[in-house]
Amino acid sequence: MMLAIRDLCFRYPGANAAALQQVSLSAARGEVLGLLGPNGAGKTTLIAHLVGMLALQQGQIEIDGQPLAQLRVARPTFIAIAPQEYAFYPTLSVLENLDCFAGVGGLRGARKTERIDACITLAQLQNYRKVQAQRLSGGLKRRLNLSIALLHQPELILLDEPTVGVDPQSRAFLLDAVKHLARQGSAVIYTSHYMEEVQAIADRIVVLDQGRVLCQGTLQDLLAGAATLHVEVEDDSALDRLLQLLAAFGQTSAQGRGALLALGEPGRLPEVLLSIASAGLQLRMARFGQTDLEQLFMSLTHRSLRD
Amino acid sequence: MFLALAKKELLALSRDLHGLAALFLMPMVFIIVMSMALKDVYSPRVQALRYAVVNNDNSDQTERLLTAWSTEHGAPAALGSDDWKDAVRAGRLKYVLQVDAGFAKALDNPPEGEHAEKVHFLAEPGLDQGLFESTRVSLVMHVARLRTEGMLALLGVQGDTAQASQAMFNNTLVVAERVGKQARPSSVQQSVPGWLVFGMFFVVAAIAGLFVDERSCGALARLRSLGATPATLLAAKVVPYILVNGVQAALMLAVGVWLMPLLGGDGLSLQGISWSALVLVLLAISAAAVSLALVIACLVSTHAQASTLGPILNVLMAALGGIMVPLFVMPEVMQHIAVYSPMNWGLEALLDVLLRGADVSAVLARIGRLSGFSALMLACAYLLFRR
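Chains A and B, in that order, give the protein sequences.
Position 226, counted from 1, in the first sequence is what our numbering calls 240; the numbers after and before it change by one each time, with no gaps.
Position 15, counted from 1, in the second sequence is what our numbering calls 19; the numbers after and before it change by one each time, with no gaps.
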């Protein structure tokens, strides 16, 4: 593994709760690691550690066996970030922004020109070279944000909510670009609370909540042990009773004229059905099937990812 | 890395119209407006004061006194139907000369006591104290000349007693002059150093504003992630803004030297000054201004704070430091406080060079004080930045 994080703990000064608690995860070259969690889960704190904005309080972060702090001194451009915010200068043009960050990272002369051109091409910003960044659309700003991160051909790329506020076209473009980067051999850590994005591009997924890793693995691994039960009762007025009854087995929500239960332990299905029958509720429909990330998250935390 | 950061800083500033206006336009406008407004304070135009005469003594001597006065101070305004006292009280007349009946007689034989016939100089309440005194002294001199003339005649001096009296007053055995390169400081020579220092310290708002933007959008985090150290980031802000201060200084001096005469004001004279002293003083002021700006930039967290705290601090330092109100008119307590304002150190250093003909050695103490302040501020900025 290229990146190895072990038992990382962090508490902001004056905060009651820890932002990160015993977080351990890893990422390999050529892999997109999806970091999934609601707001306040600890994703950005974790990223801030990787870019050197926060000092280690407890735990270890190593890259290819070397402590992160040492690597950052020796090769500061090894890791790059496209943060959630538009991390560039709004009054500078696309070209001026790229030129600035290229220069700060040590690129010079022909090599600098070559990399700037490559990033502009990758982000399809050719027609906007001389446009001030503040005049770009949301999608184009995201592309510029990403292209700055790619200037120095980093081996570990951190993308923090890179598709927030962009149109579907730009979102598709950005997701393709991320997959392309991984295919070229970079390790990509992709944080988002859009599970469909993570589901679509991540090779492995880490689900974070309240500073803890809830689960991690490939999508198949994570979803293998979880299922959902969707039931509707004949008598609509009994829906509240049904929801109350199902809540004892996992996260439950009303869906249409029925209820959706995220069943963390699929083996309990007979027990659930028996309980419904014992309560005298007549089912009109029952559908049992594989869950998705959203439902998995709900079953683990009893909360929605978008909370 | 340093060059890329410095270039970025200058590019961002060049696109910040408000920042540019505060740095270049505002001090330039202040210099022009204040120089024109204070022109008469430094070069009083006594002839322009509107006055009237109430002559109750139709003697030859009084006529000669009033003729000499009008030659020197311009013709009197005609007294209308208004009560002249109301006109003086309301400021429509700056002063009135009232000559009592029997004044000419009193010249030769001054009566004793308070009720002697006199020339009354009655000024409006708002007349500047300096002008009041200079006009009063001028009147005293005119009257004294007439009295001397009468005394010479009484003593039996032959010939033209008026000419003899004039000759005595021409040679008063008193020589008054200002020591230094300039015969007399003009309002421009007072305004340019003051508002130049003020303008240079206005980098506070520009630096703090851009720094807040940089920090809040994550660009700063990105720069740090690329290996830019706090020292490099701070240095990359210091150098461009010292250049900006240099351009400001050149522009303000040019306004004083070339633009002010075109606008009808006095020109700033740079003849005979020590250029090396001027450059060193400007560098020291700039370093103080930029380092203070960095501390403010590290302290504020929002644009609103940056755009209010910086200008408020600037105006306070300017008011305390003798930029807005000359130090010599302040009460003693305020003058003691003023010496703690870096703007005052800069202003006095510039006045030393531009007005008092100081060379490098003469301003080293003030440069040292400004440099010490800069070093302290830079250290604070570094610690705050790291935090």
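The beta carbon of each residue, even a glycine, is placed where N, CA and C say it ideally should be.
Remember, predicted model here, so these are calculated numbers, not experimental data.
* If you compare alpha carbons, which of A148/B, L359/B, L227/B, G23/B is closest to M67/A? -> L227/B
* Asked: Going along the stretch 224 to 238 of chain B in order, which residues come within less than 8 Å of chain A, judged by CB to CB distance?
  -> A225, R226, L227, R228, S229, L230, G231, A232
* Cβ of R390/B within 9 Å of any chain A Cβ -> no
* **Positions along the stretch 168 to 184 of chain A whose CB lies within less than 8 Å of some CB in chain B** => none
* To do: Verify the CB distance criterion: does R19/B have a CB-CB separation below 9 Å to chain A?
  => yes
* Grab the span of the beta strand (DSSP E) containing G272/A for me, first residue to last. => 272 to 277
* Rounded to a whole number of angstroms, what is the C-alpha to C-alpha distance between A81/B and T139/B? -> 17 Å
* Asked: Along chain B, which residues have their Cβ under 7 Å away from the Cβ of A101/A?
  -> C221, G222, A223, A225, R226
* Asked: Can you tell me the Cα-Cα spacing of R360/B and S74/B, whole angstroms?
  -> 36 Å
* **Nearest-angstrom beta carbon gap, S305/B and A209/B [assumed within contact, 8 Å]** => Actually they are not in contact, since the Cβ atoms of A209/B and S305/B sit about 15 Å apart, beyond 8 Å.
* Asked: Quick one: is L15/B near chain A, going by C-beta distance under 9 Å?
  -> yes
* With contact counted as at least three CB pairs below 8 Å, one residue from each stretch, are the stretch 178 to 196 of chain A and the stretch 32 to 42 of chain A in contact? -> no
* Under the rule that 16 or more other beta-carbon atoms within 10 Å means buried, what is R301/A, buried or exposed? -> exposed
* Please name the residue in P234/B, A288/B, A25/B, L351/B whose C-alpha comes closest to that of L200/B. => L351/B
* Asked: Mind checking whether G119/A and G152/A have CB atoms under 9 Å apart?
  -> no
* Distance between E99/A and T135/A (C-alpha atoms, nearest Å) -> 22 Å
* Would you identify the three-state DSSP class for I134/A, choosing helix, strand or coil? => helix
* Of all the options R89/A, F311/A, I95/A, which has the alpha carbon lying nearest to the alpha carbon of M209/A? -> F311/A
* **7 Å Cβ shell around L85/A - same chain, five flanking residues per side excluded** => I77, F92
* Asked: With DSSP run on the structure shown, which of helix, strand or coil describes Q98/A?
  -> coil
* With respect to the alpha helix (DSSP H) encompassing S40/A, which residues constitute its N-terminal and C-terminal limits? -> S40/A -> not in any alpha helix (DSSP H); beta strand (DSSP E) instead, spanning 34 to 41.
* To do: State yes or no: is the C-beta of L139/A within less than 9 Å of the C-beta of A16/B?
  => no
* Taking all protein chains shown into account, decide if L150/A is buried (16 or more other Cβ within 10 angstroms of its Cβ) or exposed. => buried
* Asked: Does the distance from the C-beta atom of L380/B to that of M347/B stay below 9 Å?
  -> no
* Might you give, ordered along the chain, the residues of its own chain that have their beta carbon closer than 8 Å to the beta carbon of L154/A, omitting 5 neighbours on each side? => L139, Y142, S184
* Helix, strand or coil for R218/A per DSSP? -> strand
* Asked: What's the call for K12/B, buried or exposed, on a 16-neighbour Cβ count within 10 Å?
  -> buried
* **Rounded C-alpha distance that separates L354/B from G54/A** => 55 Å
* Asked: By DSSP, does A201/A sit in helix, in strand, or in coil?
  -> strand
* Own chain residues within Cβ distance below 6 Å of L83/B, not counting five before or after -> A56
* In angstroms, rounded to a whole number, what distance separates the CA positions of L238/B and S295/B? -> 9 Å
* Asked: How far does the alpha helix (DSSP H) with G350/B in it reach, from first residue to last?
  -> 346 to 358
* Asked: Where in the stretch 19 to 69 of chain B do unbroken runs of the beta strand (DSSP E), each at least 3 residues long, occur, reported from the N-terminal end onward?
  -> 55 to 59
* Asked: Would a C-beta distance cut-off of 9 Å place I35/B and S290/B closer than the cut-off?
  -> no
* Could you work out which residues of chain B lie near L106/A, taking near to mean beta carbons separated by less than 8 Å? => K12, L15, A16, R19
* Asked: Under the three-state reduction of DSSP, which class applies to A301/A: helix, strand or coil?
  -> With the sequence shown as reference, residue 301/A is identified as Arg, and Ala is not the correct amino acid for it. R301/A falls in the strand class under three-state DSSP.
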